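Reading the sequence shown from the start, the letters are residues 41 to 358 in my numbering.
Cβ coordinates follow ideal geometry from the N, Cα and C atoms, glycine included.
Because the structure is a prediction, the values reported are computed rather than measured.
Taking it in order: structure first as structure tokens, then the write-up.
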Amino acid sequence: MRAAIYDRYGSPGVLRIEEIPTPAPGAGQVLVKVAATSINLSDWECLRGSPLYARIGGLRGPARRTLGSDIAGWVERVGEGVTRFRHGDEVYGDNLALKGGFAEFAVAPEKALAHKPPELTFAQASTIPQAGAIALQGTDGAADGVRVLINGGGGGTGSFAIPLAKRCGAHVTAVDNASKLDFMRLLGADAVIDYQSEDFTRSDEPYDLILDLVAHRSVFAYRRALALGGRYRCVGGSVSTMLRVLTIGWIAGRLTRRRIGVLAVREGPTRFGPLADLCVAGDIGIHIDRTFALEELPLALAHVGEGRALGKVVVTPA
Ligand SMILES: NC(=O)c1ccc[n+]([C@@H]2O[C@H](COP(=O)([O-])OP(=O)(O)OC[C@H]3O[C@@H](n4cnc5c(N)ncnc54)[C@H](OP(=O)(O)O)[C@@H]3O)[C@@H](O)[C@H]2O)c1
41 MRAAIYDRYG SPGVLRIEEI PTPAPGAGQV LVKVAATSIN LSDWECLRGS
91 PLYARIGGLR GPARRTLGSD IAGWVERVGE GVTRFRHGDE VYGDNLALKG
141 GFAEFAVAPE KALAHKPPEL TFAQASTIPQ AGAIALQGTD GAADGVRVLI
191 NGGGGGTGSF AIPLAKRCGA HVTAVDNASK LDFMRLLGAD AVIDYQSEDF
241 TRSDEPYDLI LDLVAHRSVF AYRRALALGG RYRCVGGSVS TMLRVLTIGW
291 IAGRLTRRRI GVLAVREGPT RFGPLADLCV AGDIGIHIDR TFALEELPLA
341 LAHVGEGRAL GKVVVTPA
């Protein structure tokens with residue numbers, strides 16, 4: 041099969057397309073013929089080996105030679121003990137542990153996969169698992185009148201998180217670079233901030249709920265941005281910021297009646313399925329910025345990693 045391979049951390053130039061043996065599913069695993077794989081910032085981070093958490097399992101070189109977590113495709117073969125799927129089923133899921141989606145076939149644990157709703161195309165379904173799970177859990181607490189801020193709102197997760205929070209009646213402020221402000225308004229944001237020219241932590245009106253997809257600020261800045269009783273949670277950013285949030289942030293929040301922490305995202309079909317249901321019902325839109333062929337993966341990753349993508353980017357290996 042054809043697969044995008046890399047042996048060392050670096051820029052998209054370290055990737056090459058190679059013919060390699062098709063993997064075999066082990067017990068409890070499913071071999072998926074990949075129709076579409078969406079790109080997440082986590083793919084870019086694992087390509088670069090930065091931030092440091094992207095090197096978990098492979099400090100000097102990548103533990104998995106083929107990236108790609110969010111897959112959608114057809115079940116080709118099932119391993120021993122698999123009961124929920126059989127040959128030909130249309131499936132999708134976040135294969136974060138094994139990856140391998142930037143290839144014609146990928147092996148995934150049965151528990152990571154769900155049946156693809158027939159109303160969604162493979163490309164659409166592939167956008168949901170990782171970003172959807174983060175967006176749903178990250179906007180938990182959004183409600184009528186709640187002031188929500190989403191930092192990094194113009195990317196893949198933000199494209200779901202903004203409309204999810206709006207749907208609950210929240211007032212949503214979304215932060216990203218200037219080229220993404222119109223897009224975030226289109227997604228429903230009530231207010232938008234260009235992070236290159238304005239500091240959201242110095243807003244006149246503090247926020248009740250902050251979802252930070254790219255945390256790089258001091259915990260004191262985050263505390264300043266929160267209303268009394270408010271909650272700040274980050275899911276990505278620099279390791280040093282996340283460590284400070286976990287330690288100093290927790291204490292600083294408690295002392296001032298605010299909650300500051302890292303969102304431990306739970307994965308799997310029960311976590312992303314509710315978003316797929318909303319997409320099928322037409323309540324939440326799916327925004328695919330561009331679709332690339334497998335051979336164009338370096339371009340596709342650069343498009344996301346260098347911050348040009350509005351919403352999700354999809355690679356189609358099949
Ligand atoms: N289990 C977990 O906890 C888990 C699993 C997977 C992923 N994650 C994390 O979840 C996050 C989700 O990312 P995603 O896939 O939605 O990323 P994405 O599509 O790349 O979106 C991130 C957005 O943030 C913007 N941005 C960059 N620097 C910023 C700054 N200083 N202030 C405000 N915005 C900024 C980016 O735009 P520009 O770069 O163009 O400025 C981009 O639009 C990532 O941090 C990832 O590491 C967590």
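- Using a cutoff of 8 Å, the CB of GLU346 counts as near ligand 1, since one of the ligand's heavy atoms is closer than that.
- With a cutoff of 8 Å, LEU138 does not count as near ligand 1, since its C-beta is closer than that to no heavy atom of the ligand.
- For a cut-off of 8 Å, the C-beta gap from LEU315 to GLY172 is around 4 Å, short enough to register as a contact.
- At least one heavy atom of ligand 1 is found less than 8 Å from the C-beta of GLU307.
- The way I'd put it, the region 70-85 does touch the region 138-149; three or more beta-carbon pairs between them come closer than 8 Å.
- ALA205 sits close to LEU249, with the two beta carbons spaced by under 9 Å.
- In the three-state DSSP reduction, LYS206 falls in the helix class (H, G or I).
- Going by DSSP, ARG273 is part of the beta strand (DSSP E) stretching over 266-274.
- Per DSSP, reduced to three states, the secondary structure at PRO149 is strand.
- Here the distance from the Cβ of LYS220 to the nearest heavy atom of ligand 1 is below 8 Å.
- For the pair GLY195 and ASP216, the CB atoms are nearer than the 9 Å cut-off.
- Take the alpha-carbon of ARG100 and the one of GLY119: they are about 32 Å apart.
- Counting the other Cβ atoms within 10 Å of the Cβ of GLU85 gives 16 or more, which makes it buried.
- Of the residues assessed, THR281 falls on the buried side of the cut-off, its CB having 16 or more other CB atoms within 10 angstroms.
- One alpha carbon belongs to ALA43, the other to ILE60, and they sit about 7 Å apart.
- Put simply, of HIS327, SER51, ILE79 and ALA182 the residue whose alpha carbon is nearest the alpha carbon of SER90 is SER51.
- Cα atoms of CYS274 and VAL285: separation of roughly 8 Å, rounded to the nearest angstrom.
- In this structure, DSSP gives PHE142 a state outside helix and strand, which the three-state scheme calls coil.
- Here LEU251 is buried. Its C-beta has 16 or more other C-beta atoms within 10 Å.
- If only complete runs of 3 or more residues are kept, the region 149-225 shows the beta strand (DSSP E) at 153-155, 187-191 and 211-216, in order along the chain.
- Beta-bridge analysis with DSSP links LEU249 to VAL188 and ARG271.
- Counting only runs that start and end inside the region 51-126, the alpha helix (DSSP H) elements of at least 4 residues fall at 81-88.
- Apart from sequence neighbours up to five positions away, the residues of its chain that approach GLY308 with a beta-carbon distance below 7 Å are LYS151 and ALA152, ordered along the chain.
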